[in-house]
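Asker: Here's a structure for you.
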Amino acid sequence: MTTSAFTPALEARFAAARGVADAVLFEGYVLYPYRASAAKNRLRWQFGVLVPPAWAATAEEHDFQHTECLMEPKADATLAAEVRFLHAQRRTVEQIREDGTFRTVPELHLTDRVLVPWDEGAEERVEVLTTVAELTGDGVVVHFTRPAREEYETVRDEEGRTVGRLVRRCAEVNGAVRLSAAELDGPYRAMRLTAVVENTSTWTPDTADADRDAALPRSLVAAHLLLGLDAGSFLSMTDPPQWAKGAVAGCRNLHTWPVLAGEPGRADLMLSSPIILEDHPAIAPESPGALYDSTEIDEILALRTAALTDQEKREARGTDDRAAAVIDLADSMPPEVLERLHGAVRALREVTGPGAPATVASDGFPQVPEGADEYDLIRPEQPWWDPAGDGGADPQHDRILVAGRPVGAGSRVLLRPGLRRTDAQDLFLKDRSALVEAVLHDVDGGVHLAVTVEGDPGADIRREQGRFLYFQPDEVAPLEDA
């Protein structure tokens, strides 16, 4: 077993997957509005935090991640593993005195930014390279340490004069990577790979009421694992082949979940992440850059960031270099880039040429051309079903039986939304009276009643715009018509 830099071929394949891995690493790193003073930036590091064991015993956080997945390695295959995490470093701000000494201050004002204390995240990697044969039996254990350190950065004003300094302090972090593999029972030549990443720090809190901030500098933050085979493949844990489903169900994954990574169509890379992802996750090509915000929505964040005041932007730029980059990105984003963030439709493609007629099968659905799959987009010259052209559907005159009474446009009903409804807002309309505006039929044979609520001052506007509320027949009770 050797612990060293990967071969160029392995490094190239890992590099292709690190775009998504970086998104995991910095998920929620700094949240909009990107200022240290924002309330939601005072409780950070939410994903994949592996705390010291002494702290895990008293808090609802964990000191390890346990990954199990299936692989089909070829003879003499090599397994590469890369643990990635952030090492939290405390940054304090000091201002220079007239005598040349420094004093700690809560903020330091510069022309373009306001420097404030902040916990930064320094990216760390632990690489392990071993043969699959060495993983059998007791497996392989690699211990690692990131030492404590203290660094100073001089701060100068726009004229080049020293006005202060930033002091960064890191505590020691200790951890271990444990890798092992065992062959599965049965005729298939597959193995169960077990990978455990753990915090092995011996640090203990000084007092019983020590808070989370004391443990974070000694934690592995946003920890996740990349696994790669130079010969062979991994099996999907979300969509395994039929023969492997039982073995996949028997895998234990604690505080993390493995998915296939890298290029679609390949299965030689696995990403085990504290955030649940799909196989072959990818960064949207429309995304202009990292916004770091948890469950980010690029267009909204870009627009709102650009709308911050100049003072708010100064505070954000002084909070963190990554926050400053987000501010600069929002300020410099051209309109054509922002336009791409409106949304995209994926996994659809046109499979009929311009003007090509569509064939309709006996069941009324369009016939899919040979070679197309169920997700292909079909654009015939005429819709296969047009409600307006269907003489059997008349929303304004159709009537249906509800509790033995005919109900249609103009009927009054009592709303009784059921618990099976997904829209919780409908429950606020329980026992309200409403006027039926139309009876609508969908292509699956379902019936829906379009209604306006009686007493709603906006009912006329809703009616004019065709914006109704919709209920199914078993969610209303007939009232006497007006």
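All residue numbers for the sequence shown refer to my numbering, where the first residue is 6 and numbers rise by one. C-beta atoms are modelled at their ideal positions from N, C-alpha and C, and glycine is treated no differently. Fair warning: this is a prediction, and the values are worked out from it, not measured in the lab.
1. Between the Cα of R217 and those of V133, G126, A64, spot the shortest distance and give me the residue it belongs to.
2. Mark K318 as exposed unless 16 or more other C-beta atoms lie within 10 angstroms of its C-beta, in which case mark it buried.
3. When the Cα atoms are used, what is the spatial distance from P4 to I466?
4. Check whether the Cβ atoms of L440 and R417 sit closer than 7 Å, and answer yes or no.
5. If you follow the beta strand (DSSP E) that R102 is in, where does it begin and where does it stop?
6. Distance, Cα to Cα, L234 vs K45?
7. Taking 7 Å as the threshold (C-beta atoms), are A295 and A335 in contact?
8. If you draw a straight line from the C-alpha of R151 to the C-alpha of V168, how long is it?
9. For the alpha helix (DSSP H) containing G19, list its first residue and its last residue.
10. Could you tell me if I534 is buried or exposed, where buried requires 16 or more neighbouring beta carbons within 10 angstroms of its beta carbon?
11. So what does L274 bridge to, in DSSP terms?
12. Would DSSP call G251 helix, strand or coil?
13. Counting C-beta neighbours from all protein chains within 10 Å, is the total for Y37 16 or more, i.e. buried, or is it exposed?
14. Between T492 and C74, what straight-line distance do the alpha-carbon atoms span, to the nearest angstrom?
15. Quick one: what's got a C-beta closer than 7 Å to T209's C-beta in the same chain, skipping five residues either side?
16. Which residue marks the beginning of the alpha helix (DSSP H) containing I305, and which one marks its end?
17. Could you check which residue in E469, V448, D431 has the C-alpha nearest to that of V481?
18. For R23 and Y297, what's the separation of their Cα atoms in angstroms?
19. Check each candidate in L231, W248, P290, S292 and name the one with the smallest Cα separation from D526.
20. What is the C-beta distance between L55 and A228, in whole angstroms, given that I count them as a contact (C-beta under 8 Å)?
21. Report the three-state DSSP secondary structure of G323 (helix, strand or coil).
22. Where does the unbroken beta strand (DSSP E) through Q70 begin, and where does it stop?
Answerer: On the basis of the data shown:
1. A64
2. Answer is buried; the Cβ neighbour count reaches 16.
3. Since the first residue shown for the chain is 6 and the last is 487, residue 4 is missing from the structure and cannot be characterised.
4. yes
5. From DSSP, R102 is part of no beta strand (DSSP E); its letter is neither H nor E.
6. 40 Å
7. no
8. For R151 and V168, the distance between alpha carbons rounds to 31 Å.
9. At residue 19 the sequence reads Phe, which differs from the Gly that was named. Here the alpha helix (DSSP H) through F19 covers 13–30.
10. The structure shown does not extend to residue 534, since the chain spans only 6 to 487, so no value can be given for it.
11. G233
12. helix
13. buried
14. Because the chain is modelled from 6 through 487, residue 492 falls outside the range shown and cannot be assessed.
15. A59
16. 303–311
17. D431
18. 15 Å
19. This structure leaves residue 526 out entirely; the chain is present only between 6 and 487.
20. 5 Å
21. helix
22. 69–78
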